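Undergrad: Can you keep this structure in mind? I'll have questions shortly.
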Amino acid sequence: MTHPRRISAAGEIAAKDPRGRIQVVQDPDPSGPPTALRTANPSWSCVGDAATHHIVFQDDVILARGFFDHVEKAAAAVPGEAVAFYEGWEGRNSGVVRLGALTGASWAYAVDEHVPSLALMLPAEAARGYARFAAEHGDGWPYDVVIQRYLKALGIPVRIAVPSTVDHDDVPSLAGNSKHGWRRATYFTDAAADVVSPDCASFPVVPFYQYGESKCAVRQDGRWEYLDTDRYLRRLGLAERCDADFAGAGEPDLPDEVRRQVWLTAFATGVAVAGATGREPDPEAAAAVMDSLGPGGLCEEYTDAELLPMIPRIRALALAALAAGRTAS
Numbered sequence: 000m001t002h003p004r005r006i007s008a009a010g011e012i013a014a015k016d017p018r019g020r021i022q023v024v025q026d027p028d029p030s031g032p033p034t035a036l037r038t039a040n041p042s043w044s045c046v047g048d049a050a051t052h053h054i055v056f057q058d059d060v061i062l063a064r065g066f067f068d069h070v071e072k073a074a075a076a077v078p079g080e081a082v083a084f085y086e087g088w089e090g091r092n093s094g095v096v097r098l099g100a101l102t103g104a105s106w107a108y109a110v111d112e113h114v115p116s117l118a119l120m121l122p123a124e125a126a127r128g129y130a131r132f133a134a135e136h137g138d139g140w141p142y143d144v145v146i147q148r149y150l151k152a153l154g155i156p157v158r159i160a161v162p163s164t165v166d167h168d169d170v171p172s173l174a175g176n177s178k179h180g181w182r183r184a185t186y187f188t189d190a191a192a193d194v195v196s197p198d199c200a201s202f203p204v205v206p207f208y209q210y211g212e213s214k215c216a217v218r219q220d221g222r223w224e225y226l227d228t229d230r231y232l233r234r235l236g237l238a239e240r241c242d243a244d245f246a247g248a249g250e251p252d253l254p255d256e257v258r259r260q261v262w263l264t265a266f267a268t269g270v271a272v273a274g275a276t277g278r279e280p281d282p283e284a285a286a287a288v289m290d291s292l293g294p295g296g297l298c299e300e301y302t303d304a305e306l307l308p309m310i311p312r313i314r315a316l317a318l319a320a321l322a323a324g325r326t327a328s
């Protein structure tokens, strides 16, 4: 899905499929108000007659090597699910990807948030029904919220690739998303896995850092509850331990509130990791997902130029908090 101003970039993405299956679908009203929703309808409607699945890319993506083989294997492994090959570091589901990477999962189920839709695959029949649902229920809502509601109505779960096999090429948004700041994947690989397992992690607690605040998504009785992380840690009886470890962590050159919120997020992530597995996190994966923690939580407040020097300081603090959280309970 693209805008006429990006037709060349969209054509380059389509040409990467060695079997030539990708169609370029343009905004039907390019002079209208910026929205991905308008182009999503025809993009989801052009499903091949013999297709079992349908994938829609936006026009600002970077694809891992071997991506299309990986997509075919994923479709065969999980035929009835929605598959998001990208999750941005600014979303709640960044916490899902972070936990997946730290526990060695290759897929993880999304929390109840807008669906990551930069590169999304649906079963063909679900894809064919999207436009009707959007026409009836989509007025005034962003595309990723409409498709989340659609999949929820169908009872189709959304699994997210860990790591992402698609990244965001951070060009200016034509859909009005530049206000969200610097946007990249939480954890990206430039080479898609050769083997695709259907196994998918599901985490009952997902810490995340968004809009400068640390929160936890907590699943109870089939519903997601969203809490401040310090409140969640008090519920577990771990707030004092978290505070004591934070006090002993030193003071990297970061704003006080950033230090505090980063520590809370990574500490709670460590607690969640310890509850999911006794395995030691892979050091490279841990460093990568903590590299994205700061930009994800601060990208609407800070520019990329301001965030770049903060990343190594946040990473070091977050890795210390992760280790503290893993040994806290």
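Read in numbering that gives the first Met the number 0, the sequence shown has 28 at position 29, and its numbers run on one by one without any break.
Backbone N, C-alpha and C fix where the C-beta goes; we use that ideal spot for every residue, glycine too.
Note that the structure is predicted; figures quoted are calculated from it, not measured.
#1: Hey, residue 203 and residue 215: beta-carbon distance below 8 angstroms or not?
#2: For the segment 1-16 against the segment 100-120, are there 3 or more C-beta pairs whose distance is under 8 angstroms?
#3: Determine the extent of the alpha helix (DSSP H) in which residue 255 is found, giving its start and end residues.
#4: Give me, in chain order, the residues of the same chain whose beta-carbon lies closer than 6 angstroms to that of residue 21; leave out the 5 immediate sequence neighbours on both sides.
#5: Just tell me which of 25, 73, 224 has its CA closest to the CA of residue 5.
#6: By how many angstroms is the C-alpha of residue 211 removed from the C-alpha of residue 297?
#7: Given this structure, state the Cα-to-Cα distance separating residue 309 from residue 64, to the nearest angstrom.
#8: State the DSSP-derived secondary structure class of residue 61, mapped to helix, strand or coil.
#9: Determine the burial state of residue 114: buried for a count of at least 16 other Cβ atoms within 10 Å of its Cβ, exposed for fewer.
#10: To the nearest angstrom, report how far apart residue 362 and residue 201 are at their CA atoms.
#11: Residue 241 by DSSP, collapsed to three states: which one?
#12: Would DSSP call residue 211 helix, strand or coil?
#13: Assuming the contact rule is C-beta atoms closer than 8 angstroms, residue 43 and residue 126 should be a hit. Round their C-beta distance to whole Å, please.
#14: Quick one: what's got a C-beta closer than 8 angstroms to residue 17's C-beta in the same chain, skipping five residues either side?
#15: To the nearest angstrom, report how far apart residue 323 and residue 241 are at their CA atoms.
#16: Taking 8 angstroms as the cut-off, decide whether the C-beta atoms of residue 84 and residue 213 are in contact.
#17: Under the three-state reduction of DSSP, which class applies to residue 52: helix, strand or coil?
TA: On the basis of the supplied data:
#1: As a position in the sequence shown, residue 203 is number 204, starting the count at 1. As a position in the sequence shown, residue 215 is number 216, starting the count at 1. Not a contact, by the Cβ cut-off of 8 angstroms.
#2: no
#3: Taking the first residue of the sequence shown as position 1, residue 255 is located at position 256. Its alpha helix (DSSP H) spans residues 255-275.
#4: Counting from one through the sequence shown, the residue named residue 21 turns up at place 22. Counting only Cβ-Cβ distances below 6 angstroms, and skipping sequence neighbours, we find 13.
#5: Residue 5 sits at position 6 when you count from the first residue of the sequence shown. Among 25, 73, 224, the Cα nearest to that of residue 5 is on 25.
#6: Within the sequence shown, residue 297 is the residue found at index 298, counting from 1. Within the sequence shown, residue 211 is the residue found at index 212, counting from 1. Between the alpha carbons of residue 297 and residue 211 lies a distance of about 5 angstroms.
#7: To locate residue 309, count along the sequence shown from 1; it is residue 310. To locate residue 64, count along the sequence shown from 1; it is residue 65. Near 30 angstroms, if we compare the C-alpha coordinates of residue 64 and residue 309.
#8: Here residue 61 refers to the residue found at position 62 of the sequence shown. Looking at residue 61 - three-state DSSP - the assignment turns out to be strand.
#9: The residue you call residue 114 lines up with position 115 of the sequence shown. A residue is called buried when at least 16 other Cβ atoms come within 10 angstroms of its Cβ; residue 114 meets this threshold and is buried.
#10: There is simply no residue 362 to check, as the chain begins at 0 and stops at 328 in what is shown.
#11: One-based indexing of the sequence shown puts residue 241 at position 242. Three-state result, residue 241: helix.
#12: One-based indexing of the sequence shown puts residue 211 at position 212. Here residue 211 sits in coil by DSSP.
#13: As a working mapping, residue 43 is identified with position 44 in the sequence shown. As a working mapping, residue 126 is identified with position 127 in the sequence shown. Confirmed, about 5 angstroms.
#14: Sequence index remark: in the sequence shown, residue 17 carries index 18 (1-based). For residue 17, where only same-chain residues beyond five positions count, the Cβ hits under 8 angstroms are 67.
#15: The count along the sequence shown starts at 1 and reaches residue 323 at position 324. The count along the sequence shown starts at 1 and reaches residue 241 at position 242. Looking at the two C-alpha atoms, the distance is approximately 8 angstroms.
#16: As a working mapping, residue 84 is identified with position 85 in the sequence shown. As a working mapping, residue 213 is identified with position 214 in the sequence shown. Going by C-beta atoms, residue 84 is not nearer than 8 angstroms to residue 213.
#17: Sequence index remark: in the sequence shown, residue 52 carries index 53 (1-based). Of the three classes helix, strand and coil, the one that applies to residue 52 here is strand, per DSSP.
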